[in-house]
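Each residue of the sequence shown is one higher than the one before, starting from 35 at the first, in my numbering.
Report on the structure given below.
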Amino acid sequence: MKLMFQLKVQYNTPYIRHLPTTLQVGETLNGNYQEKINRPTFKDPYTIELENFYEVVTKGIVPKTTPEDFKEDLNLFSQIIDALKQNNVNTFIHR
Numbered sequence: 035m036k037l038m039f040q041l042k043v044q045y046n047t048p049y050i051r052h053l054p055t056t057l058q059v060g061e062t063l064n065g066n067y068q069e070k071i072n073r074p075t076f077k078d079p080y081t082i083e084l085e086n087f088y089e090v091v092t093k094g095i096v097p098k099t100t101p102e103d104f105k106e107d108l109n110l111f112s113q114i115i116d117a118l119k120q121n122n123v124n125t126f127i128h129r
């Protein structure tokens, strides 16, 4: 029995509000291919983040991402941009 699969997170256009993010799963089992699309919600990511922010501010809930995590994310983004510059990747890089 041979199982192969691929995962794809699909962010539809950011210019149209309320398009949900989907997880597309492609599986091949013994030569039979099957594709599934998982959509956990019909809300767009921005709406989910805004609702979570509201809960944190109004109810004192601890955010799941800390300021230290923010700093690590920014550091990672900077490293990615630097790596792209070193490899002469021609993309729109603004700093």
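C-beta: ideal position from N, C-alpha, C; glycine also.
In the DSSP assignment, the beta strand (DSSP E) including L41 goes from what residue to what residue?
Position 7 of the sequence shown, counting from 1, holds the residue named residue 41. DSSP places L41 in the uninterrupted beta strand (DSSP E) bounded by 37-44.
For N72, which beta-bridge partners are listed by DSSP?
Position 38 of the sequence shown, counting from 1, holds the residue named residue 72. Bridge pairing for N72: L57 [DSSP].
Evaluate the contact criterion for the segment 46-53 versus the segment 71-80: three or more CB pairs, one atom per stretch, below 8 angstroms.
yes
DSSP on P62, reduced to helix/strand/coil?
Within the sequence shown, residue 62 is the residue found at index 28, counting from 1. The sequence given here has Thr at residue 62, not Pro. Three-state result, T62: strand.
Would you check if the segment 80-94 and the segment 108-119 touch, i.e. whether three or more CB-CB distances between them fall below 8 angstroms?
Output reads no: the segment 80-94 does not touch the segment 108-119.
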